[in-house]
Structures are given as C-alpha cells and as structure tokens.
Amino acid sequence: VSDPADAGRRAGLVSSQLLGLAMCRYLLRLPPVVALSHDEIIQKVGPTLQRYAVGEDGS
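As numbered in the numbering used here, residues 54 to 112 make up the sequence shown, in order.
In structure tokens:
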C-alpha cells in the first residue's frame with residue numbers, strides 16, 4: 054500500500070505520462086504513436102499508470 058504523503062508525486066507522474074502521450078499523439082502526431090490502437094495504448098501504458106497510481110516502486 055502506498056504512502057499517502059507520496060500522493061502528490063504519484064499524481065504528477067501520472068499526469069506527465071498522460072500529457073506526454075497526448076502531446077506525441079495529437080500535437081506532434083508522431084507516426085508510431087498515432088498508429089497505436091486504443092487497446093495497444095492500454096496494454097503498453099496502463100501498467101505504468103497503475104504502478105504510479107498505487108505507488109509500487111518495484112523494491
């Protein structure tokens with residue numbers, strides 16, 4: 054279980070991941086990112102977002 058005191062840091066990581074994805078997909082229109090289906094994005098990015106959200110640091 055994550056430390057509530059770390060919630061701001063985790064929220065920042067989630068936000069940066071999502072904003073980076075949106076920037077690459079919709080603003081920069083990077084072909085490899087645009088080509089990803091929604092299911093592929095969920096499969097590839099979802100675990101990272103989940104890890105950030107629950108505070109698992111892999112240790």
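Using N, Cα and C, we set each Cβ at its ideal position, and we do this for glycine too.
Note the first and the last residue of the continuous alpha helix (DSSP H) segment covering residue i.
i, result
"Pro100", "91 to 107"
"Pro85", "84 to 87"
"Arg63", "60 to 75"
Is it buried or exposed, residue i, if we count other Cβ atoms within 10 angstroms and call 16 or more buried?
i, result
"Tyr79", "exposed"
Give a single yes or no on whether residue i has its beta carbon closer than 7 Å to a heavy atom of the ligand MG.
i, result
"Leu71", "Looking for the ligand MG in the displayed structure turns up nothing, as the structure carries no ligands at all."
Do residue i and residue j have their C-beta atoms within less than 8 Å of each other?
i, j, result
"Cys77", "Val86", "yes"
"Val74", "Val107", "Correcting the residue type first, residue 74 is Leu in the shown sequence and not Val. No, they are not a contact pair."
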